[in-house]
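So the structure is just underneath, and the comments pick up after that.
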Amino acid sequence: MPMKDITAFTAVQLAEKIKKREISVVEATQATLEQIGQMESFINSYVTIDQEGALRQAQEIQEKLDGGALVSPLAGVPVAIKDNMCTAGMPTTCSSKMLEHFVPAYTAEAVQNLIHAGAVIIGKTNMDEFAMGSTTETSAFGITKNPRNFSHVPGGSSGGSCAAVAAQECFYALGSDTGGSIRQPSSFCGVTGLKPTYGTVSRYGLVAYGSSLDQIGPIAKDVADCAAILEVIASYDKKDSTSIIRKDTDFTSALVPDVKGMKIGIPRDYLGEGLDAEVRAAVLAAAKSLEGQGAVLEEFDLSLAEYAVPAYYVIACAEASSNLARFDGVKYGYRTKHSEGLHQMYKNSRSEGFGAEVKRRIMLGSFVLSSGYYDAYYLKALRAKALIKQAFSQAFQRYDIILGPTAPGTAPEIGSSLGDPLKMYLGDIYTVSANLAGLPAISLPCGMDSKGLPIGLQLIGDCFQEKKIIKAAYSYEQAQLL
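The structure is reproduced here in structure tokens:
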């Protein structure tokens, strides 16, 4: 089979071909590496590509499959990992000069779950530095370009993972989502990304940005892949104090095209000023498609939506300033060559090791946590977070899922966002609430704009209700195939 034909399969399709011995794991890995060789100079999706390691893994996994030692539904399928998840023996840089040469001694739990399931780790994907950004332009290792149009950004911070999936440089990828970092780039790149309920996937081994907001999730070509991947990576982990024991992780059981009687709420706040007209039309057309399948649509007012972005950035930056305090040039990471004394070494190491956006967020976080402003900003943000969670809880008493756009527009041109950070922050308006409330949410393609750039549809569910959003997303997706 031609290599190009292999990379066109979804992860689930490829796994089935491998199981039936129609394609070997080595062939699938070679096809992926060949595609990377053709596309990577244009896109820059990867920070690290482990060609030798991937081929070695592929051979070992094939032997286990042949011997009947592996029965996972994704065994042998090549995957890419966002470069803020620790991988033993492979660099984990967070796309920062600060961690340019850092090689962890252990592997993140979510990645370890994939390894146990027989995944082939191809490499580590590019991202906004320490996951701080919405365009993958803040990486210390160069920007990633959108495979749909090389003059546009792929979104962020999981832009490398989404671009790699869109360019068929891997069959699926892991990303992390602090305020929309899986869903927004999935929307921009025309792929499917799922953020699970907070605590469903272990954060052990994920380099923290905002600990109360971060969640690892799958990025893939379709909804079925995301459900299958989430089933593999979801697990209770005693090493993560926020990990939750769940018995309902059979997410693939929700892959049923049936939304008859499902109540879907559409917040009026999400369809007003600031939303691109083409995005609005595509999202409402997707809603009509679900209505045509028997879902019940209703517009409603989701209060406090306007406070989500300021509350999110206060909390996220406060947690980031605390989490990134460990990077001081002492035990690991970048250390300046020019310093006199300990304090000068701290200052120079952090000044030279961190990029501009990371410094901006550390300073903002340190400011809102300072004694004179803690009550005025940080405590108010926490109160707003609690009220936003309450507003969603009230909404889910009436609706099964909430539908809206993933982002206000399609992917902006490279270089157009970093000059106006405030505008870039406001671009997260539809995604941050799910993180503040710990809710599951999925983004999937629902059309193209007049420039040929993908538009994303977002479905949000109540806590632990991933199956509802998977069912609705799958129903919409299947209807588009008819």
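Just so we're aligned: the sequence shown equals residues 411 to 892 in this note's numbering.
Backbone N, C-alpha and C define an ideal beta-carbon position, used for all residues, glycine too.
If you're wondering where the values come from, they're calculated on a predicted model, not measured in any experiment.
{"Check": "Closest Cα partner of Lys-861 within the set His-562, Ala-618, Ser-781, Phe-764", "Outcome": "His-562"}
{"Check": "Contacting residues, own chain, Cβ-Cβ under 8 Å from Met-834 (five flanking each side not counted)", "Outcome": "Gly-543, Ser-544, Thr-545, Ser-827, Leu-828"}
{"Check": "Beta carbon of Thr-588 nearer than 7 Å to that of Asp-624", "Outcome": "yes"}
{"Check": "For Val-436, the first and last residue of its enclosing alpha helix (DSSP H)", "Outcome": "435-453"}
{"Check": "Span of the alpha helix (DSSP H), counted from its first residue to its last, around Phe-802", "Outcome": "790-805"}
{"Check": "Reduced DSSP secondary structure (H/G/I, E/B, other) of Ser-571", "Outcome": "helix"}
{"Check": "Nearest-angstrom Cβ-Cβ length linking Ser-596 and Phe-540, presumed shorter than 8 Å", "Outcome": "With a Cβ gap of about 20 Å, Ser-596 and Phe-540 do not count as contacting."}
{"Check": "Opening and closing residue of the alpha helix (DSSP H) in which Pro-595 lies", "Outcome": "593-599"}
{"Check": "Phe-777, DSSP secondary structure in three states", "Outcome": "helix"}
{"Check": "Test item: CB-CB of Asp-650 and Tyr-614 under 7 Å", "Outcome": "yes"}
{"Check": "Asn-758 versus His-748 - alpha carbon distance", "Outcome": "7 Å"}
{"Check": "Residue environment, Met-773, which counts as buried when at least 16 other CB atoms sit within 10 Å", "Outcome": "exposed"}
{"Check": "Supposed close pair Lys-492, Pro-850 - CB separation, criterion 8 Å", "Outcome": "Not a contact, Cβ separation roughly 19 Å."}
{"Check": "Of the residues Lys-430, Ala-883, Val-617, Gln-807, the one placed nearest Ala-520, counting alpha carbons only", "Outcome": "Val-617"}
{"Check": "Contact set for Ile-459: own chain, Cβ-Cβ below 8 Å, skip 5 residues either direction", "Outcome": "Leu-443, Ile-446, Glu-450, Ile-532, Gly-533"}
{"Check": "Inter-residue spacing [alpha-carbon to alpha-carbon] between Gln-868 and Ala-691", "Outcome": "14 Å"}
{"Check": "Beta-carbon gap between Val-487 and Phe-581 smaller than 7 Å", "Outcome": "yes"}
{"Check": "CB of Pro-815 within 7 Å of CB of Val-689, strictly", "Outcome": "yes"}
{"Check": "Buried or exposed (CB count within 10 angstroms, at least 16 for buried), Leu-480", "Outcome": "buried"}
{"Check": "Residue interval of the alpha helix (DSSP H) (run including Lys-534)", "Outcome": "Taken as a continuous stretch (DSSP letters only), Lys-534 belongs to no alpha helix (DSSP H), being part of the beta strand (DSSP E) at 530-535."}
{"Check": "Beta-bridge partners of Ile-491, as assigned by DSSP", "Outcome": "Lys-534, Leu-584"}
{"Check": "Residue burial classification, Leu-892 (beta-carbon count within 10 angstroms, cutoff 16)", "Outcome": "exposed"}
{"Check": "Endpoints, beta strand (DSSP E) assigned at Gln-868", "Outcome": "864-871"}
{"Check": "Ala-583 versus Gly-782: straight-line alpha-carbon distance, rounded", "Outcome": "43 Å"}
{"Check": "Beta-carbon spacing of Ala-603, Ser-853 below 7 Å", "Outcome": "First, the residue type needs correcting, since residue 603 is Gly and not Ala in the sequence shown. Against a cut-off of 7 Å, the Cβ pair of Ser-853 and Gly-603 comes out as a contact."}
{"Check": "Distance between beta carbons of Ala-637 and Thr-662, contact taken as under 8 Å", "Outcome": "5 Å"}
{"Check": "Proximity to Val-422 [Cα-Cα], best of Pro-514, Ala-574, Glu-641, Ala-518", "Outcome": "Glu-641"}
{"Check": "Assumed close pair Ser-568, Ile-643 - CB separation to whole angstroms, cut-off 8 Å", "Outcome": "Not a contact, Cβ separation roughly 15 Å."}
{"Check": "Status (buried if at least 16 other CB within 10 Å, exposed otherwise) for Leu-752", "Outcome": "exposed"}
{"Check": "Residues near Arg-771 by beta carbon distance below 7 Å, same chain, minus five either side", "Outcome": "Met-542, Cys-727, Ala-730"}
{"Check": "Pro-831, enclosing alpha helix (DSSP H) - first and last residue", "Outcome": "831-836"}
{"Check": "Helix, strand or coil at His-526 [DSSP, three-state]", "Outcome": "helix"}
{"Check": "Reference Tyr-886; option with closest CA among Ala-438, Tyr-516, Lys-555, Leu-665", "Outcome": "Leu-665"}
{"Check": "Euclidean distance between Cα positions of Thr-841 and Glu-473", "Outcome": "43 Å"}
{"Check": "Option in Leu-524, Leu-734, Asp-859 with minimal Cα separation from Pro-483", "Outcome": "Leu-524"}
{"Check": "Straight-line gap, Lys-631 to Thr-420 (C-alpha atoms, nearest Å)", "Outcome": "6 Å"}
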